[in-house]
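Undergrad: Quick one: the structure is below, questions incoming.
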Amino acid sequence: MVTYTERPWLKKYDPGVAHSLEPYPDIPLQNFLKDSANKYPKNVALVTSAHLPVLGRVAAEINYEQLDQATDALAVALIDLGLKKGDRVALVMPNTAAFVISYFGVLKAGGVVSATNPTYPAEKMQAQINDCGAEIVITLSMFYKTIKEIQPRTKLKTVIVTNVKEYLPSAARVLFQIAKEKKGGHFLDALASGDQWLQALLTKFAGRKPNVTVTGSDLAIFQYTGGTTGIPKAAMSNHKALVANTLQCREVLLGGDKSGTSSSEVFLGAIPFFHVYGLVTVVSFAMTLGARIVLVPNARDLDDVLDTIDKFKPTIFMGVPALYNALNNHATVKSGKVSLRSIRVCMSGSAPLPPSTKREFEGLSGGKLLEGFGMSEAPTATHANPLNGENRTGSIGLPFPDMDMRIVSLDDGVTDLPVGEIGELVMTGPQLMVGYHGMPTETANTLREKDGKKWLYTGDIARMDDDGYFYIVDRKKDMALIGGFNVYPNNVEKVIASHPAVLEVGVAAIPHPEKDGQEALKAWVVLRPGQTATADDLVAHARKSLAPYECPTRFAFVDALPKTTVGKTLRRELVQMEIAEREKAQS
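Each residue of the sequence shown is one higher than the one before, counting from 225 in this note's numbering.
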């Protein structure tokens, strides 16, 4: 009988993919950038583009030498502003050149990056910045007002500001200043005392290098994830974990290619960089190759995404099922006006990949769309289906090199179950986090020692087949996946329940009624006697405290919620109610 210790998945690796990459280099992550700047100084690193009337899509580029120099200058500036080794710096930006410069600038200064979703409402952003303890934040001008609003309730001392126009091509910059800068909320008359313009700092400290020793064991990022109650937890990861996972990703996706042409790869930078998925599989991965990243600040603007693909012909595209499915069904793709044929390699994460989405995208692109799996606590990827080998339907694929997996009993969390049985997925490898910031109990529950190894308890219910392919069967927690983002129903319920007309509410993810393979969030609401409220009222209330994707778009007003004998809402019964209603409507 096959056992987990035999690592049966190794036999299914693509030819040329190494079974082990040990020993992993004990280096800071920024060495990838430095090495490529030395080896490929004139290779394009970052592409910022915009579509203009008549001219079409125009672009501005930053090469590896320029990127290395800019990040050196920012690192010196941050140290001059008082940043000490290990201090956290908050980044509040979408996928822009300024984000990448800020990311590596902070790391070179010995700081720890805590990137925040820029669409968060003020209250949520404040909570995350407070938790990480950042005293410096780097943000786009359009978010400056929000930062200044929350600053008195945080430890923030300095706000560094960049304007989206700064890295636009010249023609786009002029048009932006005329048509969009004030209208879109980007224009600032002046900064408050003590705050700084990013460009002024880069100019002031140009040509200087930071004198800080950063090692692989030093912390690099705080990546916020959710706990069993949806309370954000900062998964702390050091440089060597991120270095290891970057090298694992490169080996799995390009290990069979020994031609030495990988620096010519073009990455579509659409997956958010404020999440470690984008930081590792796009930013760090590209840096190891000396490849270019074509920046996409808003992947929800499908017209812009497709225009970018049409212009720059990306070869590697990391994304989520919802984005791949949306592109499959876009009119310009269906008509053949925009071709996806340049795309060679894709990895899909964050949610299950519907077989129909994979099949259609591969047919349109001629490339491979691989379902994978990862966690913020093992930043970021741990499994993927092989590029050239068998992709099994419903499987997250094979574990990465140097990883071990077990499926343990849901009853005791210790007993290894026979291969094929369903239990909790636990894993160990070179990319595991250090722990959760300020949460020793959560850390101890998630990272446990056995046989001299540190094992990560994923909270996911899974199984392994005889060949080493893994399958996620269910989520142990009630987390919902909405548009590729984690949403925690308990938090949503608390916000809606705070409306004065609401007696109680249950929130759950339901199968999306219009988008195959995706989830939608629905709220079942019991109103207080004599009170009234509409769905629009509750949406408006929720948006004051929740990110847009966290707000339910579907509501049902009911007399009571299904509950257990101890008063817990039965979310699974709510979902069954929804399914039964649909079936009744169709009959």
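The beta-carbon is built from N, C-alpha and C at its ideal position, and this holds for glycine as well.
So what does isoleucine 286 bridge to, in DSSP terms?
TA: Paired residues: Leu270.
Undergrad: Select from Asn553, Asp531 and Lys308 the residue whose C-alpha is nearest the C-alpha of glutamate 738.
TA: Selected option, being the one with the closest Cα: Asn553.
Undergrad: Hey, threonine 470 and threonine 512 are a contact pair by Cβ (cut 8 Å); roughly how many whole angstroms apart?
TA: Confirmed, about 6 Å.
Undergrad: Contact between the stretch 604-612 and the stretch 236-243 is defined here as three or more beta-carbon pairs at a separation below 8 Å; is this criterion met?
TA: Judged by Cβ distances under 8 Å, the stretch 604-612 makes contact with the stretch 236-243, as three or more pairs qualify.
Undergrad: Which residue or residues does DSSP assign as beta-bridge partners of arginine 672?
TA: In DSSP, arginine 672 forms a bridge with Trp679.
Undergrad: Along the chain, where does the beta strand (DSSP E) that runs through asparagine 710 open and close?
TA: Unbroken beta strand (DSSP E) run through asparagine 710: 709-711.
Undergrad: Buried or exposed: where does leucine 634 fall if 16 or more other Cβ atoms within 10 Å of its Cβ makes it buried?
TA: Looking at its Cβ environment, which holds fewer than 16 other Cβ atoms inside 10 Å, leucine 634 is exposed.
Undergrad: If I follow the unbroken alpha helix (DSSP H) through glutamate 475, where does it start and stop?
TA: Unbroken alpha helix (DSSP H) run through glutamate 475: 463-478.
Undergrad: From what residue to what residue does the alpha helix (DSSP H) around histidine 243 run?
TA: Looking at the DSSP string, histidine 243 is not in any alpha helix (DSSP H), and its letter there is neither H nor E.
Undergrad: With H, G and I counted as helix, E and B as strand and the rest as coil, what does DSSP make of valine 336?
TA: Residue state, collapsed to three classes: strand.
Undergrad: Out of Leu762, Leu745, Phe709 and Pro753, state which residue places its alpha-carbon closest to the alpha-carbon of valine 722.
TA: The residue you asked about is not valine; residue 722 is serine in the sequence shown. Taking only the C-alpha atoms, the option nearest serine 722 is Leu762.
Undergrad: Are the C-beta of serine 487 and some C-beta of chain C separated by less than 8 Å?
TA: The question asks about chain C, but that chain is absent: this structure has only one protein chain.
Undergrad: Between the Cα of leucine 503 and the Cα atoms of Tyr264, Thr320, Asp691 and Arg752, which residue gives the shortest distance?
TA: Cα-wise, what sits closest to leucine 503 is Thr320.
Undergrad: Evaluate lysine 795 with the Cβ neighbour count: other Cβ atoms within 10 Å of its Cβ, from every protein chain shown; 16 or more gives buried, anything less gives exposed.
TA: The sequence given here has arginine at residue 795, not lysine. With 16 or more other Cβ atoms within 10 Å, it is buried.
Undergrad: Between the Cα of lysine 263 and the Cα atoms of Glu807, Thr229, Tyr288 and Val282, which residue gives the shortest distance?
TA: The option with the nearest alpha carbon to lysine 263 is Tyr288.
Undergrad: To which residues does DSSP link aspartate 572 through a beta bridge?
TA: Here the sequence assigns serine to residue 572, which means aspartate is not the residue at that position. Per DSSP, Gly543 and Glu595.
Undergrad: Please work out which residues of its chain come closer than 7 Å, Cβ to Cβ, to asparagine 462, disregarding the five sequence neighbours upstream and downstream, and give them in chain order.
TA: So the list reads Gly440, Ser441, Asp442, Leu443, Ala444 and Val658, once near-sequence residues are dropped.
Undergrad: Counting Cβ pairs, one atom from each stretch, are 3 or more of them under 8 Å apart for the stretch 231-238 and the stretch 408-422?
TA: The stretch 231-238, when compared against the stretch 408-422, does not touch it at the 8 Å Cβ threshold.
Undergrad: Where do the N-terminal and C-terminal ends of the beta strand (DSSP E) with valine 643 fall, by residue?
TA: Valine 643 -> no beta strand (DSSP E), and no H or E assigned at all.
Undergrad: Round the Cβ separation of glutamate 489 and threonine 539 to the nearest angstrom and send it over; I've been treating them as touching at under 8 Å.
TA: With 8 Å as the limit, glutamate 489 and threonine 539 qualify as a contact, their Cβ atoms being about 5 Å apart.
Undergrad: According to DSSP, is alanine 459 part of a helix, a strand, or is it coil?
TA: Of the three classes helix, strand and coil, the one that applies to alanine 459 here is strand, per DSSP.
Undergrad: Check whether the stretch 571-586 and the stretch 548-562 touch, using three or more Cβ-Cβ pairs below 8 Å as the test.
TA: Contact holds: three or more Cβ-Cβ distances are below 8 Å.
Undergrad: Counting beta carbon pairs with one atom in the stretch 336-352 and one in the stretch 307-315, are three or more of them shorter than 8 Å?
TA: Yes, the stretch 307-315 is in contact with the stretch 336-352.
Undergrad: Under the DSSP definition of a beta bridge, which residues are partnered with proline 623?
TA: Proline 623 is bridged to His607.
Undergrad: Is it a yes or a no for the stretch 298-311 touching the stretch 556-568, going by three-plus beta-carbon pairs under 8 Å?
TA: In short, these stretches do not touch, since the Cβ pair count stays below three.
Undergrad: Rounded to whole angstroms, what is the Cα-Cα separation between glycine 814 and methionine 366?
TA: Past the boundaries of the shown model lies residue 814; the chain is included only from 225 to 811, so the question cannot be answered.
Undergrad: Would DSSP call alanine 444 helix, strand or coil?
TA: Here alanine 444 sits in strand by DSSP.
Undergrad: Along the chain, where does the alpha helix (DSSP H) that runs through aspartate 259 open and close?
TA: Element bounds for aspartate 259: 255-263.
Undergrad: Taking 8 Å as the threshold (C-beta atoms), are valine 506 and glutamine 447 in contact?
TA: No; because the gap between Cβ atoms is not below 8 Å, this pair is not in contact.
Undergrad: Distance, Cα to Cα, alanine 686 vs threonine 449?
TA: If I take the Cα positions, the gap works out to 20 Å.
Undergrad: Straight-line CA distance for phenylalanine 429 to leucine 291?
TA: C-alpha separation (whole angstroms): 14 Å.
Undergrad: I believe leucine 466 touches leucine 253 by the beta-carbon criterion, under 8 Å. Please report the beta-carbon distance rounded to the nearest angstrom.
TA: Right, their Cβ atoms sit about 5 Å apart.
Undergrad: Which of the three DSSP states, helix, strand or coil, is assigned to leucine 412?
TA: Note: leucine 412 maps to coil in three-state DSSP.
Undergrad: What does phenylalanine 491 pair with, by DSSP beta-bridge criteria?
TA: Phenylalanine 491 is bridged to Ile517 and Ile540.
Undergrad: Assign leucine 588 to one of three DSSP states: helix, strand, or coil.
TA: Residue state, collapsed to three classes: helix.
Undergrad: How about the stretch 430-437 and the stretch 626-645: do they share at least three Cβ pairs that are nearer than 8 Å?
TA: The stretch 430-437 vs the stretch 626-645: no contact.
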